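The working numbering numbers the first residue of the sequence shown as 63 and each following residue consecutively. Built from N, CA and C at the ideal position, the CB exists for glycine as well. None of the values given here were measured: they were computed from a predicted structure. Reviewing the structure listed below.
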Amino acid sequence: MLFLGGYMAHILIVEDNEMNRDMLSRRLMRKGYEITIAVDGQEGVEQSKIIKPDLILMDMSLPKIDGWQATKLVKSNPETKLIPVIALTAHAMAEDREKALAAGCDDYDTKPVELPRLLEKIQTLLAKNLL
63 MLFLGGYMAH ILIVEDNEMN RDMLSRRLMR KGYEITIAVD GQEGVEQSKI IKPDLILMDM
123 SLPKIDGWQA TKLVKSNPET KLIPVIALTA HAMAEDREKA LAAGCDDYDT KPVELPRLLE
183 KIQTLLAKNL L
């Protein structure tokens with residue numbers, strides 16, 4: 063678990079699949095993270111402005127606004143542009159990783175999620191933001 067300035071890190075999970083949301087949120091809460099859920103890209107962008115999470119896990123295939131566009135909106139807003147975003151996608155091609163990074167994502171991970179690998183990426187990005 064990572065504490066930022068004396069509080070638990072807050073992660074916004076933007077995921078439309080209920081099973082993925084539940085699994086990921088439960089596992090991250092057990093690791094000590096505070097979790098907020100958004101079920102589509104538009105809600106994810108709005109929640110990022112309201113709660114200003116320490117990190118966003120962004121599914122790329124979302125209703126209303128997809129993860130690519132939602133990430134661009136988060137990263138183009140002066141209030142939220144420094145929030146690290148990890149793209150989560152079932153697409154594991156090299157060009158998908160490049161597309162995610164080009165959209166402004168700070169890292170990329172594939173589904174199904176391997177929790178140890180994802181936790182390492184989360185902790186690395188949270189630690190960078192402390193510097």
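| Query | Result |
| --- | --- |
| Can you give the Cα-Cα distance for histidine 72 and lysine 183, rounded to whole angstroms? | 15 Å |
| For alanine 149, which beta-bridge partners are listed by DSSP? | Met120 and Tyr170 |
| Taking the continuous beta strand (DSSP E) assigned at alanine 164, which residues delimit it? | First-last for alanine 164: 156-164, but that is the alpha helix (DSSP H), not the beta strand (DSSP E). |
| Between the alpha carbons of aspartate 84 and alanine 152, how many angstroms are there, rounded? | 17 Å |
| Would you identify the three-state DSSP class for leucine 74, choosing helix, strand or coil? | strand |
| Is leucine 124 closer than 8 Å to aspartate 78 when the C-beta atoms are compared? | yes |
| Assuming valine 175 contacts isoleucine 118 (C-beta within less than 8 Å), just tell me the rounded distance between them. | Their Cβ separation, rounded to whole angstroms, is 15 Å, which puts valine 175 and isoleucine 118 out of contact at 8 Å. |
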